[in-house]
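Same order as they appear, the protein sequences are chains F and Z.
Per my numbering, residue 1 is the first one in the first sequence, and the count goes up by one each step.
Per my numbering, residue 1 is the first one in the second sequence, and the count goes up by one each step.
For each residue, glycine too, the CB sits at the ideal point set by N, CA and C.
So the structure is just underneath, and the comments pick up after that.
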Amino acid sequence: MTLRDWVLPQPFLTLSIAALWALLSADVSGGTLLLGLTLGIAIPLFTSQFWPGRPHTFRIGAALRLMLVVFYDIIVANFAVARIVLGNVDGIKSKFVDVPLDTNDPYVATILASIITLTPGTLSIDVDMDKRMVHIHGLDVPDRSLLIDEIKTRYEAPLKEIFGC
Amino acid sequence: MYAEAFASFLIVTGGFFVLLGSIALIRLPDIFTRLHGPTKATTLGVGAIVIASSVAGYALTGEVSVKELAVSLFLFITAPVSAHLLAKAAQKDRGEGRG
């Protein structure tokens with residue numbers, strides 16, 4: 001463990017916190033920047049035990065592409081769910097589905113689980129790294145394998161590309 | 001004028017989806033299906049309202065405010081966590097009820 005790993009375990013998180021702090025304060029001055037940077041350095045240090053080992057690559061192009069896909073899916077799926085909620089709720093086939101993971105990185109699995117929850121119609125309940133699967137609940141699932149396929153190709157494959165694993 | 005119309009459209013859309021999240025809470029049959037409602041309300045519903053605030057702010061003052069971006073960022077980060085915890089608790093509760 002180098003000194004840099006010790007003082008700045010997550011430089012990106014440090015910068016994000018500092019930037020967010022400046023953003024939320026009414027004015028950008030020496031004081032707010034200093035406080036933001038202090039928080040940015042302190043928070044990763046105090047929470048370092050909660051962070052799983054993090055992949056080292058990060059492809060920004062692939063990440064932006066995935067973000068667009070997720071935003072698009074959020075909008076489209078919202079309308080689909082709206083139809084379900086306003087329609088005949090007795091006819092929906094909600095079920096639990098286990099999505100097997102190709103990755104054994106807990107960091108990637110956590111992001112995948114969050115994306116699954118953010119896109120309406122699916123909700124992740126549990127990430128099981130021992131069995132390597134995400135346990136999810138689907139609001140209306142006519143076909144299990146179709147849903148699993150969609151999650152794997154639309155979200156997991158890009159995530160693996162982003163973090164190179 | 002155009003900005004106002006656009007902001008109004010966004011507010012109505014956002015309000016519609018937040019309302020829909022509440023309707024989902026009433027109409028859907030069990031806790032797992034009900035959890036789908038609130039996650040939806042925060043993503044598209046609050047997202048649209050927050051963008052409307054940004055657009056209206058720009059139209060009124062001529063300044064681009066990025067605080068709204070921070071609001072939606074926090075919502076997008078925290079919504080899955082709370083939903084995840086609720087779902088996990090519900091699953092545990094159900095399992096013990098049966099066992």
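Inset, instruction - Starting from Gly169(F), follow the alpha helix (DSSP H) in both directions and report where the run begins and ends. - result: Because chain F in this structure spans residues 1 to 165, residue 169(F) falls outside the shown range and cannot be described.
Legend entry - Ordered list of beta strand (DSSP E) runs contained in the stretch 56-92 of chain Z, each at least 3 residues: Unbroken beta strand (DSSP E) runs of no fewer than 3 residues, entirely contained in the stretch 56-92 of chain Z, are not found.
Inset, instruction - Give the residues of chain F in contact with Arg27(Z), contact being defined as C-beta atoms less than 8 Å apart. - result: Listed along chain F, the residues sitting closer than 8 Å to Arg27(Z) by beta-carbon distance are Val85, Val89.
Legend entry - Own chain residues within Cβ distance below 8 Å of Arg98(Z), not counting five before or after: Below a pLDDT of 50, predicted positions are generally treated as unreliable, and Arg98(Z), at 45, falls in that range; the measurement from the model is reported next regardless. Closer than 8 Å at the Cβ level, and outside the excluded window around Arg98(Z), lies no residue.
Inset, instruction - Output yes or no for whether 8 Å exceeds the beta carbon distance between Ile115(F) and Tyr72(F). - result: Not in contact: Ile115(F) and Tyr72(F) (Cβ atoms no closer than 8 Å).
Legend entry - Beta-carbon contacts of Thr33(Z) that lie in its chain and below 7 Å, excluding the five residues immediately before and after: Correct list: empty, nothing qualifies.
Inset, instruction - Determine the DSSP secondary structure at Met67(F), reduced to helix, strand or coil. - result: DSSP places Met67(F) in helix when its eight states are reduced to three.
Inset, instruction - Compare the beta carbon distance of Thr119(F) and Ile148(F) with 8 Å and say whether it is the shorter of the two. - result: No; because the gap between Cβ atoms is not below 8 Å, this pair is not in contact.
Inset, instruction - List the residues of chain Z that Thr117(F) touches, going by C-beta distances under 8 Å, in chain order. - result: By Cβ distance, chain Z contributes Thr39, Ala79, Pro80, Ala83, His84.
Inset, instruction - Would you mind working out which of Leu146(F), Gly138(F), Ser145(F) sits nearest Ile31(Z), comparing C-alpha positions? - result: Gly138(F) is the residue among Leu146(F), Gly138(F), Ser145(F) whose C-alpha sits nearest the C-alpha of Ile31(Z).
Inset, instruction - Flag Val64(Z) as yes if its beta-carbon sits less than 8 Å from any beta-carbon of chain F, otherwise no. - result: With 8 Å as the cut-off, Val64(Z) does not count as an interface residue toward chain F.
Legend entry - Cβ contact (3+ pairs, closer than 8 Å) linking the stretch 81-101 of chain F and the stretch 125-142 of chain F: By the Cβ criterion, the stretch 81-101 of chain F is in contact with the stretch 125-142 of chain F, since at least three pairs of Cβ atoms, one from each stretch, lie closer than 8 Å.
Inset, instruction - Could you name the residues of the stretch 29-59 of chain F whose beta carbon sits closer than 7 Å to any beta carbon of chain Z, in the order they occur along the chain? - result: Listed by position, the residues of the stretch 29-59 of chain F near chain Z (Cβ gap below 7 Å) amount to none.
Inset, instruction - Name, in chain order, the residues that DSSP records as bridge partners for Leu123(F). - result: His137(F), per the DSSP bridge assignment.
Inset, instruction - Measure from the alpha carbon of Leu25(Z) to the alpha carbon of each residue in Phe6(Z), Leu60(Z), Ala41(Z), Gly37(Z), then state which is nearest. - result: Each of Phe6(Z), Leu60(Z), Ala41(Z), Gly37(Z) was checked against the Cα of Leu25(Z), and the nearest Cα belongs to Gly37(Z).
Legend entry - Contact list for Phe109(Z) against chain F, beta-carbon separation under 9 Å: Residue numbering for chain Z in the displayed model covers 1 to 99; residue 109(Z) lies beyond these limits and cannot be assessed.
Legend entry - the stretch 61-81 of chain F: positions lying closer than 8 Å to chain Z by Cβ: For chain Z, the residues of the stretch 61-81 of chain F that bring a beta carbon within less than 8 Å of one of its beta carbons are Ile74, Ile75, Asn78, Val81, in chain order.
Legend entry - Cβ-Cβ distance between Gly45(Z) and Val18(Z) below 8 Å: It is a contact, given that the beta carbons lie within the stated cut-off.
Legend entry - Amino acids of chain F, ordered along the chain, whose beta-carbon sits closer than 9 Å to that of Ile23(Z): Ordered by position in chain F, the residues that pass the 9 Å Cβ test against Ile23(Z) are Val85, Leu86.
Inset, instruction - Pull up the distance between the alpha-carbon of Ser53(Z) and that of Glu68(Z), whole angstroms please. - result: One C-alpha to the other measures close to 7 Å.
Legend entry - Contact set between Arg33(Z) and chain F, taken where Cβ atoms lie within less than 7 Å: For clarity, residue 33(Z) is Thr in the given sequence; the question names Arg instead. Those are Ser94, Leu139, listed as they occur along chain F.
Legend entry - Outcome for Leu86(F) when other beta-carbon atoms lying within 10 angstroms are tallied against a minimum of 16: Exposure of Leu86(F) is indicated by the presence of fewer than 16 other C-beta atoms within 10 angstroms of its C-beta.
Legend entry - Residue closest to Leu37(F), alpha-carbon to alpha-carbon, out of Leu15(F), Ile151(F), Ser25(F): Of the listed residues, the one whose Cα sits closest to Leu37(F) is Leu15(F).
Inset, instruction - Give me the Cα-Cα distance between Ser22(Z) and Asn88(F), rounded to the nearest whole angstrom. - result: Rounded to the nearest angstrom, the two C-alpha atoms are 16 Å apart.
Inset, instruction - Mind listing the chain Z neighbours of Asp126(F)? Cutoff is C-beta to C-beta under 9 Å, in chain order. - result: Taking a Cβ-Cβ threshold of 9 Å, the residues of chain Z close to Asp126(F) are His84, Ala87, Lys88, Gln91, in chain order.
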